[in-house]
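Residue numbers (mature numbering (1 follows the signal peptide of the UniProt record, and there is no 0)): -19 to -1, 1 to 791. The beta carbon of each residue, even a glycine, is placed where N, CA and C say it ideally should be. All remarks here apply to the structure that follows.
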């Protein structure tokens, strides 16, 4: 009866408006928790499993694990704070938020964290103990109040919050310093606000973060898994003074939300430094001069520059005096200057690293993006793989092996010295089926990597034990392969990776199952006993097996290799330097094989372009203003030097010009004859229609444009640039509302890296999962590489429908 009361109290604790009890859990795919006290139950869904957890009376259920294929639920007394987590396939761990949280809501009546010291640092007495104080509140008398161990609790609903009996004989009890949860209020600038307010200060409804209507945007929940971009709740993913959201008003893109500040002091923010660590967000030194020698303006003043980076808006960032700081996630500490003509600049802060070797070790925590390299396949089970892939099969970025966030783990270079656990590269330290990694998504512990198996003969399974016979099926063809995670796979492989025959999906022996049958999933292709992936399992196609001891297992379906020349996949690895085109970072020859030089009929280079199919080139409309006649232009493909041209370049005349009908700065050129696709001439991939590149995505520009007297004149140059969300790019101090929704910004706000004259019409490509995708066409900018003035590019995804229509009709 008492436990029923606790369940009722927990249900009453559900935030208003929430009817789904799973909202009160943190879920992690691929995580298995070791639990001493648990129960194994059969349930048909995670919802049923959550209900079993709530109804448990023999112990306090803090978490449960659900195995979908086995339809198995394990409810447990432990969670990740008290037990070990390991990685395992096909299991999702659900942990009650209330037992993970170390903050309080309201007066902390339902606080169930593990704080066990008073505000004065005295250790708490265990609630069940009778010494040094005989308690009025004990686990026996108040079983629903969470009086476990010596943790701070509030069993009497004290308005001052959680407390405990102390181990000091002279002090019977004292209160605990439990910070307020950021669900009813916010600390600092609301970077960690978790509440459910979803209206702006003017009363407008918020647009869901996962939606692109009415406003397309680059704050995608899948790309920012740590920002908690749930539903349409107000959040602060980009260093604003307080939480905000995109609005449902088509005429108002975004607005701030009215979130009250927490009255208590914020939780400790961690160590601060007098030197530069990382991006300098913890710098608290007294440097007050920019890198070029300008004196810093005081943060509390509005002259000569008006701004909102004030101590009031950023109360936790120590914006004292005019010292250089990094309150908003810039690349380094900075300040507004006292020069009216220079709004802001970065500061030169001495590094905390005392040696180059230490700097190198620190840089491990900043993982690179995956790059296509020669060794992008693996032999056997991939234990010998030493490539640089760092993207999973569903496109997630890998967590560095040295990092313990977002996933705490034991697979470290120290414990696996022979596994080459470098950076965040895909590896197989524990002899799994193929290379894998922990992911940077807190809700997905690990996944296999997006890698192909190198061509080799599969081993036989002649020593496998005799098993019940599966229905006979046609032999798989040589081209039997899958794309991605194989959800669309319809091939005829019908054995598991260990050689065990698959059970027919409609059969009831040797395993009786109801989850995945031809009737329950008619669109999943559950024919005969072929391997399939009806539940979108990240690990790929699987089947129920003919082994009575093994319910299901995965199948070894190879990834498809479509052709020798896939779009967006260069045969030469790009340098991917962080230098600038204007400053001169010369590309590896033919590493950007879609780059086109657009020339006059007399052979003079004046613009760039991108090959998107053998007969079509995409460029900027303003590049064609000199003439409307196709005969005035020709394109050069496969070149590295602007002049003299290499002997094997392809020079092709233009037969037709197509300007975008709404006068956007984008145009198509049809070639007189198709380009010959070689290892030096390969098309870039087009993005899906209306796709929006996530904020801060690192992309690449290339071209032969003006180098302003720096090294590399006449050679193809490249630069790595972050995409800047239009919301940020349109701020007053940057491009001041000049950027349209059909355009995107990219560049370093500190300046020094940009495209320039002669680069117009050229590509801005972004690496997505396993290939380079054309996301932008170089369009315009306010000068070249100026501070606060990033380059602007035509957003290719906004015009994909038009591009495909023109190509189809011509």
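Under three-state DSSP, which class holds residue 622? Reduced to three states, the DSSP call for residue 622 is strand.
Exposed unless 16 or more other CB atoms sit within 10 angstroms - verdict on residue 360: When all chains shown are included, residue 360 counts as exposed.
Closest residue to residue 174 among 215, 182, 183 and 205 (Cα-Cα distance): Checked all of 215, 182, 183 and 205; the closest Cα to residue 174 is 215.
Give the list of continuous alpha helix (DSSP H) stretches no shorter than 4 residues that lie fully inside the stretch 78 to 158. Qualifying alpha helix (DSSP H) stretches, in chain order: 78 to 81.
I need the straight-line Cα distance from residue 721 to residue 601, nearest angstrom please. C-alpha separation (whole angstroms): 16 Å.
Please report the distance separating the alpha-carbon of residue 674 from that of residue 199. Computed Cα separation, rounded: 6 Å.
Can you say whether residue 713 is buried or exposed, counting buried as having 16 or more other CB atoms within 10 angstroms of its CB? When all chains shown are included, residue 713 counts as exposed.
Reduced DSSP category for residue 167 - H, G, I as helix; E, B as strand; rest coil: Three-state DSSP puts residue 167 in a strand.
Sort out for me which residues DSSP pairs residue 600 with in a bridge. Partner(s): 648.
As a quick exercise: from 119, 306, 242 and 203, pick the residue whose alpha carbon is nearest that of residue 678. It is 203.
Where residue 659 and residue 556 are concerned, what is the direct C-alpha to C-alpha distance, given to the nearest angstrom? Taking the straight line from one Cα to the other gives about 20 Å.
Please list, in chain order, all residues of the same chain as residue 474 whose beta carbon is under 8 Å from its beta carbon, the five residues on each side excluded. Here the set comprises 457, 461, 511, 512, 522, 536, 537 and 538.
Residue 816 by DSSP, collapsed to three states: which one? With the chain running from -19 to 791 in the structure shown, residue 816 is simply not present.
If you reduce the DSSP assignment to three classes, tell me which class residue 415 lands in. In the three-state reduction of the DSSP assignment, residue 415 falls in the coil class, being assigned neither a helical nor a strand state.
Going by DSSP in three states, residue 611 sits in which element: helix, strand or coil? In this structure, residue 611 counts as helix in the three-state DSSP scheme.
Give the DSSP-derived three-state secondary structure of residue 788 in the structure shown. Reduced to three states, the DSSP call for residue 788 is helix.
Please return the same chain residues whose Cβ sits closer than 8 Å to the Cβ of residue 469, not counting the five positions on each side in sequence. Result list for residue 469: 463, in chain order.
Return the CA-CA distance between residue 288 and residue 231, expressed in angstroms with no decimal places. Their Cα atoms are separated by approximately 27 Å.
Given that a residue counts as buried once 16 or more other Cβ atoms are within 10 Å of its Cβ, and exposed if not, what is residue 371? Label assigned to residue 371: buried.
According to DSSP, is residue 215 part of a helix, a strand, or is it coil? It is coil, neither helix nor strand.
Count the C-beta pairs between the stretch 2 to 12 and the stretch 71 to 79 that are closer than 8 Å, then say yes if the count reaches three, no if not. Judged by pairs of C-beta atoms under 8 Å, the stretch 2 to 12 touches the stretch 71 to 79, as three or more such pairs exist.
Grab me the residues of residue 81's own chain with a C-beta within less than 7 Å of its C-beta, minus the 5 sequence neighbours each way, in chain order. Cβ neighbours of residue 81 within its own chain (closer than 7 Å, five residues either side excluded): 7, 60 and 62.
Is it buried or exposed, residue 147, if we count other Cβ atoms within 10 angstroms and call 16 or more buried? By the 16-neighbour rule on beta-carbons within 10 angstroms, residue 147 is buried.
In this structure, how does DSSP classify residue 775 when only helix, strand and coil are distinguished? Residue 775: strand per DSSP, three-state reduction.
Residue 105 to residue 157 span [Cα, whole Å]: Those two C-alpha atoms are separated by around 9 Å.
Could you check where the alpha helix (DSSP H) with residue 31 kicks off and where it finishes? Its alpha helix (DSSP H) spans residues 27 to 36.
Take the Cβ of residue 332 as the centre, count every other Cβ of all protein chains shown within 10 Å, and call the residue buried at 16 or more, exposed below. Exposed: under 16 other Cβ atoms inside 10 Å.
Residue of 43, 201, 746 and 265 minimising C-alpha distance to residue 575: The candidate whose alpha carbon is nearest that of residue 575 is 746.
Roughly how many angstroms lie between the CA atoms of residue 471 and residue 781, to the nearest whole one? Looking at the two C-alpha atoms, the distance is approximately 29 Å.
Exposed or buried, residue 244, counting other C-beta atoms within 10 Å across all chains shown (16 or more means buried)? Burial is judged here by how many other beta carbons sit within 10 angstroms of a residue's own beta carbon; residue 244 has fewer than 16 and is exposed.
Any idea if residue 170 is buried or exposed, counting beta-carbon neighbours within 10 angstroms, 16 or more meaning buried? Label assigned to residue 170: buried.
Using the C-alpha atoms, what's the distance from residue 650 back to residue 635? Looking at the backbone, the Cα of residue 635 and that of residue 650 are separated by about 6 Å.
DSSP three-state assignment for residue 605, whether helix, strand or coil: Per DSSP, reduced to three states, the secondary structure at residue 605 is helical.
Comparing alpha-carbon positions, which option in 671, 194 and 326 lies nearest residue 777? Selected option, being the one with the closest Cα: 671.
Range of the contiguous beta strand (DSSP E) that encloses residue 7: Element bounds for residue 7: 6 to 14.
Is the separation between the beta-carbon of residue 794 and that of residue 273 shorter than 8 Å? Lying outside -19 to 791, the shown extent of the chain, residue 794 is not represented and no answer is given.
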